[in-house]
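For the record, the sequence lines run as chains Z and X.
Under the working numbering, think of the first position of the first sequence as 3, with each following residue one higher.
Under the working numbering, think of the first position of the second sequence as 25, with each following residue one higher.
Cβ coordinates follow ideal geometry from the N, Cα and C atoms, glycine included.
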Amino acid sequence: MLRYITKRLIFSIPIVLGVTLIAFLILYLTPGDPVTNLLGSRATPEARAELSEKLGLDQPVLVQYGRWLGNVLHGDLGTSILTKQPVSEAIGSRLSYTLKLTLTAFLSSVLIGIPVGIFAAAKQNTAADHISMGIAMFFYSMPDFWFGLMLILVFSLTLQWLPVSGAYGPKYLILPALALGLPKIGSIARLMRAETLEVMREEYSLTARAKGISEWLIMFKHVLRNAAIPVMVMLFLALPWLISGAVVIETIFAWPGMGQLMYQAILRKDFPVIQALLLIIAILTVLFNLLGDVVAGLLDPRIRVK
Amino acid sequence: MTLLEIKNLHLQFQSDEGLALVLDGINFDIKKGETLGLVGESGCGKSVTGLSVLRLIPTPPGEITEGEIIFEGENLLEKSAKEMQNIRGGRIAMIFQDPMVSLNPVYTIGDQIAEAIDLHQPKGITSTWDGVVEALDSVQIADPESRAHNYPHQFSGGMRQRGMIAMMLSCRPSLLIADEPTTALDVTVQAQVLQVIADLQKELGMAVILITHNLGVVAESCDRVAVMYAGTIAEIADVEKLFENPKHPYTRGLLGAIPRADRDMNDLAIIEGSVPNHVNPPKGCRFHPRCKEAMDICRIEKPTDVDLGEDHIVACHLYG
Ligand SMILES: Nc1ncnc2c1ncn2[C@@H]1O[C@H](COP(=O)(O)OP(=O)(O)OP(=O)(O)O)[C@@H](O)[C@H]1O
Ligand code: SF4
Ligand SMILES: [Mg+2]
């Protein structure tokens, strides 16, 4: 298992490099540039050239990329073009906010979605199944920003139970986490139900029954352990998406996380910040993928034991 | 002494095409320690007969609408869910066709055997672990102590089926229902698996219902045979009697078309026509559209079981 993990980590290095390089090229090719953003459109060509040189933007893109990569390897993510703040500092404080938001959304959607999926599978084709899956389908189909706006409308503006925006305590976490988590509850519940039903139809479930095991034990010992394997892998694959999905929700709720930072950086072409954020997302994606595979390996001896 | 007696069993499935009468009043019995072969074309109802005995028919869509299943003097159809759990794996065991999919991939073979032992607490076992090792040993798995820690995917097909037998027989049932236990296996290991079952049968004094397509297997391993046709039992007799002197036109067709008894009946288009569907079965005798000896009464009236003496039973108007 350890060797497998090491191997996977080594293989993931070119993936992370590739993602950041592509991001570099895309930023380079899209219209707009940070110099205009900083100096305004009426700046003299001399002033523009001077600033370009200072930021290294006059160099060929691959040279810029090489320089950036060298700095990253030395632990230097650069300085924000806009705020002059070191990028690592700007991201550092925001990363914890984003993780707090996404992990709350993730854990609560898992804790709700999984039992609902199991329940629906156990009550297959009953009213309880149809109703819970109908709700899950609705959650799954609506985008998170729609939930964000609806939650604000109901709980902040109408009922005035919870604050509209900001991050000044646990109360502020509830609505953005809900907005982010509700669509996930839908997809997790649906997937868990489908996987559970599939395993219930497997012949080894019939074997367990023929052995005299109670329905309850069959479900919790024989069925769920198998149904959990694909669901776990999917959850870990989805986590990085959840983090990038936070861009919109953080903006709506003025939640001071990475997503909000990303939004502003993209608007103003703050290259160093965008680069650093993409690097972090790429690394997180690779890590969570690996974590998903490790968990699958722990649950499934066919992967673990050769 | 009669161990199991099935009386007038009717089973139906709710399907998209309508109500399928999958077992249309079957009768048979099996004595202690005896081996009864259950043969018939694909879809005739062999597996559902076995599953009915253990009350493992999925309900819905399936439902046993009529009949009795008397096991050791008690009607299983009147047992509670809890009582049935004690009987399954404890007094009646069942093994299935494909050992690749009938063991749980995430638990070791030993764990899966231990689960049965812990559940049924068979007599004469000092500890669960001893029971596990003994069970694996009894099916000729070499080095059972370490093999018990293997997962199913680490076993070959034949070993898995023997592991399955070890698990199901670890609690010393008095009846084993073996649903095509060798069909999915390599020809080379089929004989070994049948031998393992036969050995344990002798040791435990257990009766076996052996469901199979293979008449060679029947000739070799069974005391009696029940020939099924489209949800009915056409004929039951001792093996020799059935092979030498088949009475039912369907059995005759089967045996007459097979030069040697070692052929798989599904491989042979032995009798013209195809198995009727269960939703709109032929009236009267379900075999009449394919029967060369069909008479007028066959199209109207369902034949009843006729006892020709010496436990030779046939359901056909020729013998009314
Ligand atoms: N769960 C189910 N739902 C609906 N119909 C079923 C179900 N299980 C079995 N049947 C029907 O019952 C009939 C008998 O099936 P069964 O599996 O007992 O056949 P079999 O004799 O064992 O055939 P084979 O030799 O192919 O195993 C078939 O027509 C089948 O379609
Ligand atoms: S009852 Fe009639 S149709 Fe059926 S097998 Fe006998 S002779 Fe043939
Ligand atoms: Mg079958």
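{"Check": "Contact with chain X by residue 299 of chain Z, beta-carbon distance below 8 Å", "Outcome": "no"}
{"Check": "Interface flag, residue 96 of chain X vs chain Z, CB-CB below 8 Å", "Outcome": "no"}
{"Check": "C-beta contact flag for residue 301 of chain Z and residue 125 of chain X at 8 Å", "Outcome": "no"}
{"Check": "Residue 23 of chain Z versus residue 67 of chain Z: straight-line alpha-carbon distance, rounded", "Outcome": "7 Å"}
{"Check": "Cβ-based burial, residue 38 of chain X [other Cβ within 10 Å; buried from 16]", "Outcome": "exposed"}
{"Check": "For residue 79 of chain X, three-class secondary structure by DSSP", "Outcome": "coil"}
{"Check": "Closer than 8 Å to chain X by CB, residue 212 of chain Z", "Outcome": "yes"}
{"Check": "Three-way DSSP call (helix, strand, coil) for residue 36 of chain X in this model", "Outcome": "strand"}
{"Check": "Distance, residue 142 of chain X Cα to residue 173 of chain X Cα", "Outcome": "17 Å"}
{"Check": "The stretch 93-101 of chain Z touching the stretch 41-48 of chain Z, judged by at least three CB pairs closer than 8 Å", "Outcome": "no"}
{"Check": "Closer than 7 Å: residue 71 of chain X CB and nearest ligand 1 heavy atom", "Outcome": "yes"}
{"Check": "Near ligand 3: residue 203 of chain X beta-carbon under 7 Å from a heavy atom", "Outcome": "yes"}
{"Check": "Proximal residues, the stretch 131-162 of chain X versus chain Z, C-beta separation under 9 Å", "Outcome": "131, 132, 136, 139, 140, 143, 144"}
{"Check": "Straight-line gap, residue 292 of chain X to residue 192 of chain Z (C-alpha atoms, nearest Å)", "Outcome": "Residue confidence is low: residue 292 of chain X scores 49 on pLDDT, short of 50, so the model does not pin down where it sits. No coordinate-derived value is stated."}
{"Check": "Start-to-end residues for the beta strand (DSSP E) that takes in residue 253 of chain X", "Outcome": "248-253"}
{"Check": "Short Cβ contact (8 Å threshold) for residue 85 of chain Z with residue 175 of chain Z", "Outcome": "no"}
{"Check": "Expected contact under 8 Å - CB spacing of residue 255 of chain X and residue 310 of chain X to nearest Å", "Outcome": "7 Å"}
{"Check": "Segment contact flag, the stretch 194-204 of chain X with the stretch 74-84 of chain X, C-beta cutoff 8 Å, min 3 pairs", "Outcome": "yes"}
{"Check": "CB contact flag (residue 45 of chain X, residue 73 of chain X, <8 Å)", "Outcome": "no"}
{"Check": "Beta-carbon proximity of residue 280 of chain Z to residue 25 of chain Z, cut-off 8 Å", "Outcome": "yes"}
{"Check": "Nearest-angstrom Cα separation, counted from residue 14 of chain Z out to residue 288 of chain Z", "Outcome": "7 Å"}
{"Check": "Residue 66 of chain X CB to nearest heavy atom of ligand 1 below 7 Å", "Outcome": "yes"}
{"Check": "Interface positions of the stretch 35-48 of chain X facing chain Z (Cβ-Cβ less than 7 Å), listed along the chain", "Outcome": "none"}
{"Check": "Any non-hydrogen atom of ligand 1 closer than 7 Å to residue 46 of chain X Cβ", "Outcome": "yes"}
{"Check": "C-beta contact flag for residue 133 of chain X and residue 171 of chain X at 8 Å", "Outcome": "yes"}
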